[in-house]
Amino acid sequence: MPYLIDSNVLIQAKNFHYGLDFCPAFWDWIIDANHRQVVYSIDAVKKELVEVQDELSGWVGRNPTLFLSPDANVLRSLAVTSRWVTSQNFVSAAVSTFLGVADYHLVSHAHAKQFVVVTHERYSESVKKIKIPNVCRGLGVKCITPFEMLRTEQAQFVMGAMAS
């Protein structure tokens, strides 16, 4: 089953675990997995990432095939997601915020295409902020961490022979 990557996966990878400057293998793996039609993200995530002019936005710009556009099925799932979110006990500000950000589109795209959502977010009982895993659970969409995805896909970032 293909994966859809949340913006926080790429942002945290850049800032912490897999910096573009010291772990290019992670980024190469993402592109290779995209070429194998295993890993994607969506246009709404791309929009979030390019707003910040940094090395990640440059990388995003060089890899346009990673980002999927919505189709008619996704548009139908947006309505399903919206109905689910508004039928829960979330405060109205949380609903408005969720429906205005890429998370809404990410979960809806995954719902429409039967993709697995990959995010660092965790399920929460809070009614003040809507988390991706909560919506995924409510819609029957699988949601995992990036580390679970990497293990499942048997990604390996192995260093070559050290230069002397």
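798 is the number of the first residue of the sequence shown in our numbering; add one for each residue after it. Where is the CB? At the ideal position from N, CA and C, for every residue including glycine. Bear in mind that the values here come from a model prediction, so they are computed numbers and not experimental data.
Can you tell me the Cα-Cα spacing of Trp881 and Val888, whole angstroms?
Walking along the sequence shown from the start, residue 881 turns up at place 84. Walking along the sequence shown from the start, residue 888 turns up at place 91. Distance between the alpha carbons of Trp881 and Val888 is about 14 angstroms.
How would you call Tyr920, buried or exposed, if buried means at least 16 neighbouring beta carbons within 10 angstroms?
Walking along the sequence shown from the start, residue 920 turns up at place 123. With fewer than 16 other Cβ atoms within 10 Å, it is exposed.
Would you mind stating whether Val806 and His908 have Cβ atoms separated by less than 8 angstroms?
Counting from one through the sequence shown, the residue named residue 806 turns up at place 9. Counting from one through the sequence shown, the residue named residue 908 turns up at place 111. The answer is no: Cβ separation not under 8 angstroms.
Please report the residue range of the beta strand (DSSP E) in which Ser838 lies.
Locating residue 838 in the sequence shown gives position 41, where the first residue counts as 1. Taken as a continuous stretch (DSSP letters only), the beta strand (DSSP E) holding Ser838 covers 836 to 839.
Cβ atoms of Leu801 and Val914: under 8 angstroms apart, would you say?
Within the sequence shown, residue 914 is the residue found at index 117, counting from 1. Within the sequence shown, residue 801 is the residue found at index 4, counting from 1. Yes, the pair counts as a contact, with Cβ atoms nearer than the cut-off.
What residue from Phe895, Trp856, Tyr901 has the CA that sits closest to Arg873's CA?
In the sequence shown, residue 873 corresponds to position 76, counting from 1. The shortest Cα separation from Arg873 among Phe895, Trp856, Tyr901 belongs to Tyr901.
With DSSP run on the structure shown, which of helix, strand or coil describes Leu872?
By 1-based counting over the sequence shown, the position of residue 872 is 75. Helix.
Taking Cβ positions, are Val904 and Val938 nearer each other than 8 angstroms?
As a first step, residue 904 must be located in the sequence shown, where it is residue number 107. As a first step, residue 938 must be located in the sequence shown, where it is residue number 141. Cβ atoms of Val904 and Val938: closer than 8 angstroms.
Expressed to the nearest angstrom, what Euclidean distance is found between the alpha-carbon atoms of Cys940 and Glu950?
Sequence index remark: in the sequence shown, residue 940 carries index 143 (1-based). Sequence index remark: in the sequence shown, residue 950 carries index 153 (1-based). Going by the C-alpha atoms only, they are around 15 angstroms apart.
Terminal residues of the continuous beta strand (DSSP E) containing Tyr800?
Position 3 of the sequence shown, counted from the start, is the residue given in the question as residue 800. Run containing Tyr800: 800 to 802, per the beta strand (DSSP E) assignment.
Residue ranges of each beta strand (DSSP E) run of no fewer than 3 residues wholly in the region 874 to 922, ordered along the chain?
Here the runs fully enclosed are 913 to 915.
Give me the Cα-Cα distance between Ser866 and Asp840, rounded to the nearest whole angstrom.
Here residue 866 is taken as the residue at index 69 of the sequence shown, counted from 1. Here residue 840 is taken as the residue at index 43 of the sequence shown, counted from 1. Computed Cα separation, rounded: 6 angstroms.
Which term fits Lys811, buried or exposed, when burial requires 16 or more other beta carbons within 10 angstroms of its beta carbon?
Here residue 811 corresponds to residue number 14 of the sequence shown, with the count starting at 1. Classification for Lys811: buried.
For the alpha helix (DSSP H) holding Met946, just list the boundary residues, first then last.
The residue labelled residue 946 in the question sits at position 149 within the sequence shown. 943 to 949 is the span of the alpha helix (DSSP H), which, as asked, contains Met946.
For Trp826, which residues from the same chain have a beta carbon less than 6 angstroms from its beta carbon, with the 5 sequence-adjacent residues on both sides left out?
Mapped onto the sequence shown, residue 826 falls at position 29. Cβ neighbours of Trp826 beyond the five flanking positions: Ala952.
Tell me Phe864's beta-bridge partners as DSSP assigns them.
Within the sequence shown, numbered from 1, the residue matching residue 864 stands at position 67. Phe864 is bridged to Ser838.
Considering only DSSP beta bridges, list what Cys940 is partnered with.
Here residue 940 is taken as the residue at index 143 of the sequence shown, counted from 1. In DSSP, Cys940 forms a bridge with Val914.
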